[in-house]
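In my numbering, the protein residues as written are 20 to 218.
We put the beta carbon where it would ideally sit given N, CA and C, even for glycine.
The model shown is predicted, which means the values in this text are computed figures rather than measured ones.
Structure follows, in structure tokens:
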């Protein structure tokens with residue numbers, strides 16, 4: 020891969036799922052940065068294992084990256100988007116967190132107002148670092164095809180939705196609701212069968 024075709028990616032942050040995302044980006048031959056400041060020893064170890072390059076601080080990651088992938092606990096997603104926007108990021112910001120569609124759209128407005136582009140992402144599947152085809156990243160919004168190109172190799176596959184930002188988050192939420200609701204229904208049916216002695 021030529022130097023001209025290599026896109027520097029910032030990954031915030033390499034938790035279990037973030038490490039799976041980072042593994043995929045690195046497998047595709049792209050340099051992938053992360054910020055070690057205030058991160059745990061376990062996070063540092065994961066980052067080393069998957070071949071991420073430590074930029075030190077969030078500001079350094081923002082300054083050096085053309086694409087930023089946000090993979091954090093849902094409660095921190097909006098704050099991170101605001102922090103990246105406040106640092107003047109002008110590239111392509113991808114929120115791949117389990118947030119409500121309205122939250123995703125609001126984050127999009129925040130980063131776009133600062134001059135960046137926004138792609139909504141939803142990850143469905145386990146945090147695998149080895150087996151391709153088990154976990155997929157659904158992407159929505161202008162720029163989704165560009166982001167999907169970062170997932171051509173490695174464990175995670177990208178699926179581009181022909182839909183605006185918020186659609187990938189909605190799909191993730193609907194899938195989670197269906198999955199958990201189905202489990203709850205099965206548990207209720209089993210409890211009924213046990214109670215009636217027909218299990």
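Legend entry - Strand pairing of residue 141, partner residues [DSSP]: Against the chain shown, residue 141 aligns to sequence position 122. Answer is 157, bridged to residue 141.
Legend entry - Sufficient close CB pairs (3 or more, under 8 Å) joining the stretch 137 to 156 to the stretch 164 to 183: yes
Legend entry - Cβ neighbours of residue 52 in the same chain (closer than 8 Å, five flanking residues each side left out): For the purposes of this step, residue 52 is taken as the residue at position 33 of the chain shown. Here the set comprises 27, 28, 29, 30, 71, 72, 73, 74, 79, 80, 83, 84.
Legend entry - Reference residue 34; option with closest CA among 46, 61, 44: For this step, residue 34 is matched to residue 15 along the chain shown. With distances taken between Cα atoms, residue 34 lies closest to 61.
Inset, instruction - Express the C-alpha separation of residue 107 and residue 23 in angstroms, rounding to a whole number. - result: Counting from 1 along the chain shown, the entry for residue 23 is found at position 4. Counting from 1 along the chain shown, the entry for residue 107 is found at position 88. In this prediction, residue 23 scores a pLDDT of 46, lower than 50, which makes its location untrustworthy; no coordinate-derived value is stated.
Inset, instruction - Identify, in the order they occur along the chain, each residue of the same chain with its Cβ nearer than 6 Å to the Cβ of residue 163, setting aside the five sequence neighbours on each side. - result: Translated into positions along the chain shown, residue 163 becomes position 144. Cβ within range, chain order: 138, 179.
Inset, instruction - State the beta-bridge partners of residue 104 as determined by DSSP. - result: For the purposes of this step, residue 104 is taken as the residue at position 85 of the chain shown. According to DSSP, which records beta bridges pairwise, residue 104 is partnered with nothing at all.
Inset, instruction - Give a yes or no on whether the C-beta atoms belonging to residue 120 and residue 147 are separated by under 7 Å. - result: Taking the chain shown and counting its residues from 1, one reaches residue 120 at position 101. Taking the chain shown and counting its residues from 1, one reaches residue 147 at position 128. The answer is no: Cβ separation not under 7 Å.
Legend entry - Unbroken alpha helix (DSSP H) run spanning residue 129, endpoints: On the chain shown, residue 129 is found 110 positions in, with the first residue counted as 1. 120 to 132 is the extent of the alpha helix (DSSP H) around residue 129.
Legend entry - Span of the alpha helix (DSSP H) around residue 38: Translated into the one-based positions of the chain shown, residue 38 becomes position 19. 35 to 46 is the extent of the alpha helix (DSSP H) around residue 38.
Inset, instruction - Give the single residue among 169, 209, 104 whose Cα lies nearest to the Cα of residue 50. - result: Taking the chain shown and counting its residues from 1, one reaches residue 50 at position 31. Ranking the options by Cα distance to residue 50, first place goes to 169.
Inset, instruction - Mark residue 202 as exposed unless 16 or more other C-beta atoms lie within 10 angstroms of its C-beta, in which case mark it buried. - result: For the purposes of this step, residue 202 is taken as residue 183 along the chain shown, with counting starting at 1. The residue in question, residue 202, is exposed, as its Cβ has fewer than 16 Cβ neighbours within 10 Å.
Inset, instruction - Would you mind working out which of 123, 87, 90, 41 sits nearest residue 67, comparing C-alpha positions? - result: Locating residue 67 in the chain shown gives position 48, counting from the first residue. The residue with the shortest Cα to Cα distance from residue 67 is 41.
Inset, instruction - Pull up the DSSP beta-bridge partners for residue 73, would you. - result: In the chain shown, the residue the question calls residue 73 occupies position 54. BP columns for residue 73 point to 53.
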